[in-house]
Ligand SMILES: Cc1ncc(COP(=O)(O)O)c(C=O)c1O
Ligand SMILES: [Zn+2]
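Numbering (our numbering), first residue to last: 17 to 495.
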């Protein structure tokens, strides 16, 4: 495939080679792949109709010259699921979930891993180093094993041991660092430098951004299939793209995907971006809210959601800030507890069991709808970035939502049905009378309450019935 690498700082073009990590002219490490958009824009749509729905259907727009089908694990092509129940509960009927749990290793990192490993294999690289908060290392390990490559995986000690074991299972060498993720990245970089090995550069990895952008292409195609073409372009763009972020690679790639589609005339707009962080490690959110041009790093992340523990986002923040502002989006943060609650609501109401990092995106969605930033008429795509690991101790157990409390977490009361319901604890209110005239809404509220504990729930269709029920209950109780 014909493509060149363009420097984002000085515009200098070079051919692609993965071992060359900086612009030869200005030394910038921020570069991206560019294609012949005019030609591809004209030719590719017709070809797409006969291709399978996976990541490689957009191969003309990927930086791999000869995509090697034998490396594929069926990446991409994940479903876009309408969240009917959540939509009803939140009064926002057009919420869609991009279900990235359905990737080969159960997270959206499979897109970056499949494209990056394919490109490295093509360049003859056989040994690589990557620092990871878990999922990147799992995904790289799977693809590296298929490609006959060795991966040195540097992970922080907070990564759950089930994830570490999975990395090792694929044959990668796990190196556990007791320290922050930023320190872990430093150690990995030194190791790679000493041994002269290829080092994964996080959000500066050209091939990874390209892998992530396929999420945008798929969303546009899938939304068009559901809602029809937009008035001014053949494909449809949602109003919002919501994703939990750590280093921000996902939205950087997804933005590029929409920008390319707009350039080729396939869509008429780019969605508003809503990157969500965990409150205890939210350098981008905090810096954006303060109006800072450069990110203020968080040196000691205070979140149990280790997947999202990038304390120093560096320049990724500056790019993302630009994209968020250009699209009239927002950065937002949520507490760990809100993320756990959101996970539970998502599982109970939509049958989707996500990992805490993905719970952060849904808690962000709830917060933005409640604040009126996401409107009831908006079409929203939330990236459900990863599947829960079955033995995650911070989620399992009876009192899961009351276990974890940081000294810094502020309990601010919030408006809205969902937050009202999440304030109701069974030890204070063991028996509840639910008065609501539509059966569907009663069913939903019952399910939310059931997700929070063992309540006895009695239902009434209207106020009069409700009062009668309460009087009857009180009589039984006092007799
Ligand atoms: C499940 C999950 N969600 C979200 C993220 C954040 O991704 P990023 O900031 O790279 O877009 C990660 C990163 O590893 C992840 O594994
Ligand atoms: Zn340059």
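All residues carry an ideal CB built from backbone N, CA and C; glycine is no exception.
Please read all numbers here as calculations on a predicted model, not as lab measurements.
Cβ-Cβ distance between residue i and residue j below 8 Å
i	j	result
residue 345	residue 124	no
residue 106	residue 286	no
residue 399	residue 58	no
residue 196	residue 317	yes
residue 263	residue 219	yes
residue 291	residue 314	no
residue 258	residue 370	no
residue 169	residue 188	yes
residue 19	residue 38	no
residue 381	residue 396	yes
residue 9	residue 236	The first residue shown for the chain is 17 and the last is 495, placing residue 9 beyond what the model contains.
residue 91	residue 119	yes
residue 146	residue 153	yes
residue 28	residue 42	yes
Collapsed DSSP secondary structure at residue i in the structure displayed
i	result
residue 47	strand
residue 489	helix
residue 403	strand
residue 168	strand
residue 223	helix
residue 6	What is shown of the chain runs 17 to 495, which leaves residue 6 out entirely.
residue 256	strand
residue 387	coil
residue 422	Bear in mind that a pLDDT of 25 at residue 422, under 50, signals an unreliable position, so the number given afterwards is only what the model happens to contain. The answer is coil: DSSP assigns residue 422 none of H, G, I, E or B.
residue 122	coil
residue 71	helix
residue 214	strand
residue 443	coil
residue 145	strand
residue 416	Unreliable positioning characterises residue 416 in this predicted model, as indicated by a pLDDT of 28, which lies under 50. The coordinate reading is nonetheless provided below. Residue 416 falls in the helix class under three-state DSSP.
residue 427	In this predicted model, residue 427 has a pLDDT of only 41, less than 50, meaning its place in the structure is not dependable enough to derive any value.
residue 30	strand
residue 4	Nothing about residue 4 can be read from this structure; the chain reaches only from 17 to 495.
residue 236	helix
residue 193	strand
residue 283	coil
residue 370	strand
residue 355	helix
residue 249	strand
residue 42	coil
Supposed contact pair residue j and residue i - C-beta distance, whole angstroms, cut 8 Å
i	j	result
residue 365	residue 102	6 Å
residue 67	residue 230	Actually they are not in contact, since the Cβ atoms of residue 67 and residue 230 sit about 13 Å apart, beyond 8 Å.
residue 151	residue 402	6 Å
residue 473	residue 450	6 Å
residue 323	residue 149	5 Å
residue 232	residue 280	Between residue 280 and residue 232 the Cβ distance is about 12 Å, and since that is not below 8 Å, they are no contact.
residue 348	residue 383	6 Å
residue 56	residue 222	The Cβ separation is near 18 Å, so there is no contact.
residue 144	residue 216	7 Å
residue 108	residue 394	7 Å
residue 214	residue 35	6 Å
First and last residue of the uninterrupted alpha helix (DSSP H) at residue i
i	result
residue 202	197-211
residue 126	125-138
residue 178	177-185
residue 158	151-163
residue 55	53-64
residue 513	Since the first residue of the chain shown is 17 and the last is 495, residue 513 is not available in this structure.
residue 456	455-466
Terminal residues of the beta strand (DSSP E) in which residue i lies
i	result
residue 447	447-451
residue 335	No beta strand (DSSP E) contains residue 335, which is instead part of the alpha helix (DSSP H) from 331-342.
residue 96	96-98
residue 350	348-350
residue 267	Run containing residue 267: none in the beta strand (DSSP E); it sits in the alpha helix (DSSP H), 265-279.
residue 474	472-476
residue 115	111-115
residue 289	288-294
residue 314	That residue, residue 314, is in no beta strand (DSSP E); it is neither H nor E in DSSP.
Min CB distance residue i to chain C below 8 Å
i	result
residue 491	Among the chains in the structure shown there is no chain C, since it carries only a single protein chain.
Any chance the region 213-233 sits against the region 381-396, with 3 or more Cβ pairs inside 8 Å?
no
Report yes or no: do the region 172-180 and the region 326-334 share at least 3 C-beta pairs separated by less than 8 Å?
no
Count the C-beta pairs between the region 305-313 and the region 353-362 that are closer than 8 Å, then say yes if the count reaches three, no if not.
no
Pairing CB atoms from the region 247-255 with CB atoms from the region 87-96, are three or more of them under 8 Å?
no
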